[in-house]
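Q: Sequential numbering of the sequence shown, starting at 411, is according to the numbering used here.
Pasting a structure below so you can have a look.
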Amino acid sequence: MNGSVDYLPLFHDVRGANALVVGGGTVAFRKIRALLSRGAAVTVVATELSRPVQELARHGEIHAITGAFRPDHIDGASLVFAATSDAHVNARVSREAKLRNIPVNVADAPELCSFILPAIVQGEEYTLAVSTGGKNPGVARSLREFLEERRAEVSVRMERGRRRRQIAPRKGKVYIVGAGPGDPDLLTVRALGLLRSADAVVFDYLIPEEILSLAPSRAVKLCYARKGRTAGHGAALKQIAIHETMVHLAREGKSVVRLKSGDPLVFGRGGEEAEHLALEGVEFEIVPGITAAIGCAAAARIPLTHRDMSSSATFVAGHEADRKDGSAIEWDHLPKDGTLAVYMGVSRVDVIAAELMEAGFDPETPFTVVENGTRPEQRVLRGILADLARVANEKEIRSPAVLFVGRSAGPLAQESFQEQQNESFAQSV
Ligand code: SAH
411 MNGSVDYLPL FHDVRGANAL VVGGGTVAFR KIRALLSRGA AVTVVATELS
461 RPVQELARHG EIHAITGAFR PDHIDGASLV FAATSDAHVN ARVSREAKLR
511 NIPVNVADAP ELCSFILPAI VQGEEYTLAV STGGKNPGVA RSLREFLEER
561 RAEVSVRMER GRRRRQIAPR KGKVYIVGAG PGDPDLLTVR ALGLLRSADA
611 VVFDYLIPEE ILSLAPSRAV KLCYARKGRT AGHGAALKQI AIHETMVHLA
661 REGKSVVRLK SGDPLVFGRG GEEAEHLALE GVEFEIVPGI TAAIGCAAAA
711 RIPLTHRDMS SSATFVAGHE ADRKDGSAIE WDHLPKDGTL AVYMGVSRVD
761 VIAAELMEAG FDPETPFTVV ENGTRPEQRV LRGILADLAR VANEKEIRSP
811 AVLFVGRSAG PLAQESFQEQ QNESFAQSV
């Protein structure tokens, strides 16, 4: 043991409490003011009262006793402060208070205290308290100054917290909410606020448990799609069931969060769901989210646009390519100087690679596949278009994954991106 005290930090409600302050000078006055402003009933004992303390007594704000300290002054007090200029008197006050088990504070003598006062920063709605255990008042003071300077920042944070608390979903309304690519930290403030107080959550398999668990435990939770793509008739039935469920829950008077991975309007059928709600006259709102391509690009450091490498970003759905009714993607119309992000293409990467090359994409064009982007199990695979089918097969790429194709998706871009990051870091240091 080094003899230092490990204090328990406390905020004490002193409203109506009897506090005794021994001493009538400047230090005592500071304690008296602090006590009065928090509603304590203050008795002051001092041989001499300074002018401001006299004023308080004159206005009846304190009970002042002029004379030497006597132990019986402590009777009835629930807090005692000693702040005289006489160390013997202070020590005696401490002893007498401790004998009676009454908490005591002695100015500038932590060894005589049973409690100490922290340095504080007082905001309108908060109090920040800093203590070095009474050993290093200079450090406590400079920490307080540090916090004082950041008062505005603290207020902004408090405001943000307050706004989040105020986000409450309305009863009978459906919120079509984007949950982002998987990392719960990538939820928007609005998505989090709505989810936290929803009555019902309708979601699909891409929503991870960490995000779902943010909904109240009392909320109804319904999962509509299981892993593995439901095609054709099955998919249509499932979509109808989702539409009906949302309408039903809203008409029951519940606040409904329809939670969709990424952004609801990017390959998410959010548009169809919104149309159905509008038709049924159910109130709804769409809350955007970070779509998989944006989340995965950041996770794999792919600059979707870049002045030297990519002048556009195109998001396409890979599985639509197997439709033969003319709605398939026209691969040869895709910009070759941009970044291509292919969603839902995992099961067909071999065909997609072949179609891209047939459409005039250089076989040397780099690709990056990001599987489970932003999630703990994230995998990033890189290569060139000519090798995509082989890599996908060997590395057993699984859904969900986004395939990026373009110069920005290659190792070259990686290096120069890295350099740029280092440069901007160097500049900012
Ligand atoms: N609305 C979603 C897309 C839904 S379609 C969005 O905006 O992101 C489902 C496809 O999204 C998956 O097949 C995959 O291509 C992609 N995807 C979703 N989450 C992903 C993730 N965490 N990592 C990689 N791809 C993901």
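Ideal Cβ positions, reconstructed from N, Cα and C, are used throughout, including at glycine.
Because the structure is a prediction, the values reported are computed rather than measured.
1. Between which two residues does the alpha helix (DSSP H) harbouring K441 extend?
2. Of the choices F479, Y536, V780 and L527, whose alpha-carbon is the least far from that of A550?
3. Compare the C-alpha of A727 against each of R502, V676, I704 and P626 and name the closest.
4. Please report the distance separating the alpha-carbon of F491 from that of A478.
5. Quick one: which unbroken alpha helix (DSSP H) runs of 4-plus residues sit fully inside the stretch 544-609? Chain order, please.
6. Considering Cα atoms alone, identify which of F525, E559 and S495 is closest to V531.
7. By how many angstroms is the C-alpha of R574 removed from the C-alpha of F694?
8. Counting contacts by CB-CB distance shorter than 7 Å, is V611 in contact with chain C?
9. Could you compute how far the alpha carbon of K583 sits from the alpha carbon of V812?
10. Assuming contact is defined by CB atoms lying nearer than 7 Å, are G699 and A608 in contact in what I supplied?
11. Is N803 near ligand 1, in the sense that its beta carbon is under 6 Å from a heavy atom of that ligand?
12. Quick one: Cα of R567 to Cα of F421, how far?
13. Using only alpha-carbon positions, find the residue among Q464, V503 and A819 that is nearest to D718.
14. Can you name the residues that DSSP bridges to I650?
15. Can you grab the Cα-Cα spacing for the pair R440 / T457, in whole Å?
16. Tell whether a beta-carbon distance below 7 Å holds between A429 and L445.
17. Out of L798, F525 and T537, which has the shortest C-alpha to C-alpha gap to S488?
18. Among A562, T655 and V415, which residue has its Cα nearest to the Cα of E521?
19. For E690, tell me which candidate among R661, S671 and T701 has the shortest Cα-Cα distance.
20. Return yes when the C-beta of T701 is under 6 Å from any heavy atom of ligand 1, and no when it is not.
21. According to the neighbour-count rule (16 or more other Cβ atoms, all chains shown, within 10 Å of its Cβ), is Y536 buried or exposed?
22. Is A764 helix, strand or coil by DSSP?
23. Using CA atoms only, rank isn't needed, just tell me which of I475, G672, V612 and V666 is closest to R785.
24. Roughly how many angstroms lie between the CA atoms of I617 and L669, to the nearest whole one?
25. If you follow the beta strand (DSSP E) that A492 is part of, which residue opens it and which one closes it?
26. When we look at the beta-carbon of N782 and count the other beta-carbons within 10 Å, is it buried (16 or more) or exposed?
27. According to DSSP, is N500 part of a helix, a strand, or is it coil?
28. How should E774 be labelled, buried or exposed, when 16 other C-beta atoms within 10 angstroms of its C-beta is the threshold for buried?
29. How big is the Cα-Cα spacing for I739 and C706?
30. Identify the residues that DSSP records as bridge partners of Y753: which are they?
31. Do N511 and C523 have their C-beta atoms closer together than 7 Å?
32. Under three-state DSSP, which class holds N782?
33. Less than 7 Å separating the beta-carbons of V432 and V463?
34. Any heavy atom of ligand 1 closer than 6 Å to the Cβ of Y753?
35. Helix, strand or coil: which one does DSSP assign to K746?
36. How many Å lie between L624 and T436 at the Cα?
A: The answer reads as follows:
1. T436 to S447
2. L527
3. V676
4. 15 Å
5. 547-559, 561-576 and 599-606
6. E559
7. About 20 Å.
8. The chain labelled as chain C is not found in the depicted structure, where only one protein chain is given.
9. 32 Å
10. no
11. no
12. 22 Å
13. A819
14. The partner list for I650 (beta bridge, DSSP) is empty, contrary to what the question assumes.
15. 18 Å
16. yes
17. F525
18. V415
19. R661
20. yes
21. exposed
22. Helix, per DSSP.
23. G672
24. 8 Å
25. L489 to A492
26. buried
27. helix
28. exposed
29. Between I739 and C706, the C-alpha separation is close to 22 Å.
30. DSSP output for Y753 lists A727 as bridge partner(s).
31. no
32. coil
33. no
34. Yes, since a heavy atom of ligand 1 falls inside the 6 Å radius drawn around the Cβ of Y753.
35. Coil.
36. 52 Å
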